[in-house]
Amino acid sequence: PLRCTVYPPPSSYPLKTYDDYSMVNDPVSKQAQTVAELPEDLQVHCKENLHEEITKGVLRKKLSKMRHLCVTQAIKPEYLDSIMPEIIRLFHPQQVQYNGGVANVKAWKISTYLEVMPGGVPCTNPCLPLLDLCVPLLDCVDAMFTHWYKQQHACNKPGQPKRTEPYKVKRVMNFITRYTAHPKEQALLKHVDGAGKVSGSAVLALPIDKWTGPESIMSFEGHGGGVRFWDGSAVPSKQTEVHYPTRSGDVAFIDRAVWHQADPITKGTRWAMVIFYDVE
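Just so you know, we're using the working numbering here: the sequence shown kicks off at 1 and counts up by one.
Given below as structure tokens:
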């Protein structure tokens, strides 16, 4: 019943086709180190004064030895609302098999992959029309992640040299996930992204679906959701558990091998975009 289309979303976005998938899986083209370096037509999709908010947020987190940061409405919800109907239309879950599983789930079947790792991991058929639609959004999150990563890894120890060259950030995988109240589709429980082998990741909360059914039915408000972290120490018994009730436009930036989970929902659907990064 959750797959029905009561109100068909419009399909007006002009989609490109690609002869060579590698054309769209290269490092971030503009190498924007901050949102301020993005073109103006992309900056308008981002929260104002985000540079300062990320910088101050990282400093506060470092005081608690935290290696993550959650920024509310980093992407403007009205922009996400404008592209969400087409995201829903192009979304077709792909069942993939993870070696050893992720969060004890070996067969994952509630995500559509936009970009995949070399060799076709975890699948060989990413959804290029969906990628094309989301490129402007990805460029925005890439710039935010790059600035956050730079601040998170800034040298604070006396005598250590300060990095002067810009970071080279590459998306190595990204996908959109739709959680539902159905068993095995409610959550992605405690895990580290990319089995701890990626430099970091970003999780963007997408809008509540009000296009494929009444919002009163599709909404998960009051029925779980959000992102939970265990952070602050490498020793599990000393880690602090932190929960964020993330909503549309909120972005969580996550350093390598930080434990976290997408909390379960018991009603409606919840959508999120996840991006894995490699940083040099």
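For glycine and all other residues, C-beta sits at the position ideal for the given N, C-alpha and C.
- Here the alpha carbons of A262 and K238 stand approximately 21 angstroms from one another.
- In the structure shown, M66 adopts coil according to DSSP, grouped into three states.
- Taking all protein chains in view, the Cβ of R60 is surrounded by fewer than 16 other Cβ atoms within 10 Å, so the residue is classified as exposed.
- T72 sits in coil when the DSSP states are folded into three classes, being neither helix nor strand.
- In the three-state scheme derived from DSSP, where H, G and I count as helix and E and B as strand, Y179 is classed as strand.
- Per DSSP, I208 lies in no beta strand (DSSP E) segment and is marked neither H nor E.
- One Cα belongs to G222, the other to A252, and the distance between them is close to 21 angstroms.
- Secondary structure in the segment 95-164: the alpha helix (DSSP H) runs of 4 residues or longer, each lying completely within the stretch, are 128-152 in chain order.
- DSSP places K190 within a strand segment (E or B) once states are collapsed to three.
- No residue range can be given for I265, since it is assigned to no beta strand (DSSP E) and is classified by DSSP as neither H nor E.
- Comparing C-alpha distances from E241 to each of S248, S201, D231 and V235 shows the shortest one belongs to D231.
- Straight across, the Cα-Cα distance linking K62 with S199 is about 18 angstroms.
- DSSP places H51 in the helix class (H, G or I) of the three-state scheme.
- Between G225 and the set R247, T212 and V235, the nearest pair of CA atoms involves R247.
- Counting C-beta atoms within 10 angstroms of its own C-beta, K47 has 16 or more neighbours from the protein chains shown and is therefore classed as buried.
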